[in-house]
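In full-length UniProt numbering, the protein residues as written are 1 to 226.
Where a beta carbon is used, it is the ideal one built from N, C-alpha and C, also for glycine.
These numbers come from a predicted model, not from an experiment.
Worksheet for the structure shown next.
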Amino acid sequence: MKIDAVIFDMDGTLFQTDRILELSLKDTFACLEKEGLWEGAPPIDKYREIMGIPLPKVWETLLPLHSEEVRESVDEHFLEVLVDNIQSGKGELYPHVKETLEELKKHGMKLFIASNGLPAYLESIVKYYNLDRWLDAAYSIEHVDSLIKSDLVHMICRKHGIKSGAVVGDRLSDITAAKDNGLLAVGCRFDFSQEHELKQADIVIEDLIELNQFIEAVGRSNKIKS
1 MKIDAVIFDM
11 DGTLFQTDRI
21 LELSLKDTFA
31 CLEKEGLWEG
41 APPIDKYREI
51 MGIPLPKVWE
61 TLLPLHSEEV
71 RESVDEHFLE
81 VLVDNIQSGK
91 GELYPHVKET
101 LEELKKHGMK
111 LFIASNGLPA
121 YLESIVKYYN
131 LDRWLDAAYS
141 IEHVDSLIKS
151 DLVHMICRKH
161 GIKSGAVVGD
171 RLSDITAAKD
181 NGLLAVGCRF
191 DFSQEHELKQ
201 ADIVIEDLIE
211 LNQFIEAVGR
221 SNKIKS
């Protein structure tokens, strides 16, 4: 199988969300507590468990007894804090992100982001780390009405004429999105990954630098077959 495009997840794959997650959640739930709408510690561990689902679903899970109006307010505040933390330099990319993207681009790969993050959040990461030097485009889950990662990847493939490629991510939604669209599923054994989910990937990597090695191996195999 030839690989001519790579579609990356953002949180827990390219960007170390954990660096700013706790800070952002503490700030958000502190505001809720001031308004008398929350008691106790912020549900950081619970968020880590469900990391990878769209934010509206996150708040439904973390705030099941709160109104939709409260959830929308929390969503807005959380996004503002996340972006502020990114622009303040409190976040960080995973090791070898830039080297990996640069090397893939040298080999003529089309590179995309397909993320459950909101557009403003994605844009802040891309701009702060100058990732647009290598990316063809970055897409948020809000670009599809269903809020399903498989549909987002399908949209990217259709829009950019992708016939073969790989989806790289740390959660089951990324792996499923790859398989639903006939692409290779590359699982990342990073902070938020779950072993039972990674078992469904075609390959699993522990450092992004391994992705280049894998794609080169696929290229060599295709040359031998041809």
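With which residues is residue i paired in a DSSP beta bridge?
{"i": "Y139", "result": "A114"}
{"i": "G169", "result": "G187"}
{"i": "V6", "result": "L111, A166"}
{"i": "L93", "result": "F15"}
{"i": "residue 248", "result": "Any property of residue 248 remains undetermined from this structure, which presents the chain solely from 1 to 226."}
{"i": "M51", "result": "I53"}
If you draw a straight line from the C-alpha of residue i to the C-alpha of residue j, how long is it?
{"i": "P42", "j": "V74", "result": "13 Å"}
{"i": "C188", "j": "G52", "result": "13 Å"}
{"i": "I215", "j": "L23", "result": "36 Å"}
{"i": "I20", "j": "L122", "result": "14 Å"}
{"i": "Q200", "j": "G36", "result": "43 Å"}
{"i": "V70", "j": "R48", "result": "21 Å"}
{"i": "V58", "j": "F78", "result": "11 Å"}
{"i": "Y128", "j": "A120", "result": "12 Å"}
{"i": "K223", "j": "T100", "result": "Unreliable positioning characterises K223 in this predicted model, as indicated by a pLDDT of 47, which lies under 50. A coordinate reading is not provided."}
{"i": "S193", "j": "C31", "result": "29 Å"}
{"i": "F190", "j": "K106", "result": "25 Å"}
{"i": "I209", "j": "L63", "result": "38 Å"}
{"i": "G40", "j": "E76", "result": "21 Å"}
{"i": "A217", "j": "V168", "result": "16 Å"}
{"i": "E16", "j": "S67", "result": "In the sequence as displayed, the identity of residue 16 is Gln instead of Glu. Spanning the two alpha carbons is a distance of roughly 30 Å."}
{"i": "G91", "j": "N85", "result": "7 Å"}
{"i": "H154", "j": "K34", "result": "42 Å"}
{"i": "I50", "j": "L211", "result": "25 Å"}
Kindly list the residues whose CB is nearer than 7 Å to the CB of residue i, restricted to its own chain and excluding five residues on each side of it in sequence; keep chain order.
{"i": "L14", "result": "F8, L93, Y94, V97"}
{"i": "D207", "result": "P95, H96"}
{"i": "E102", "result": "W134"}
{"i": "M10", "result": "I113, S115, G117, L122, I125"}
My understanding is that residue i touches residue j, with C-beta atoms under 8 Å, so please give their C-beta distance in whole angstroms.
{"i": "A166", "j": "L152", "result": "With a Cβ gap of about 15 Å, A166 and L152 do not count as contacting."}
{"i": "I141", "j": "K149", "result": "7 Å"}
With distances taken Cα to Cα, identify the nearest neighbour of residue i among the options.
{"i": "L111", "options": "P56, G161, D180", "result": "G161"}
{"i": "T28", "options": "R158, N130, F192, E80", "result": "E80"}
{"i": "I3", "options": "L198, A114, A178", "result": "A178"}
{"i": "D170", "options": "V218, A138, E197", "result": "E197"}
{"i": "S124", "options": "I44, D180, Q87, L62", "result": "Q87"}
{"i": "S164", "options": "L82, N181, T176, V83", "result": "N181"}
{"i": "L104", "options": "L65, L131, G91", "result": "L131"}
{"i": "V6", "options": "E195, V204, V186, I203", "result": "V186"}
Measuring from the CB of residue i, is there a heavy atom of the ligand ADP at a distance below 6 Å?
{"i": "A185", "result": "In terms of ligand content, the structure shown is empty, and the ligand ADP therefore cannot be addressed."}
Grab me the residues of residue i's own chain with a C-beta within less than 6 Å of its C-beta, minus the 5 sequence neighbours each way, in chain order.
{"i": "L147", "result": "P54, I141"}
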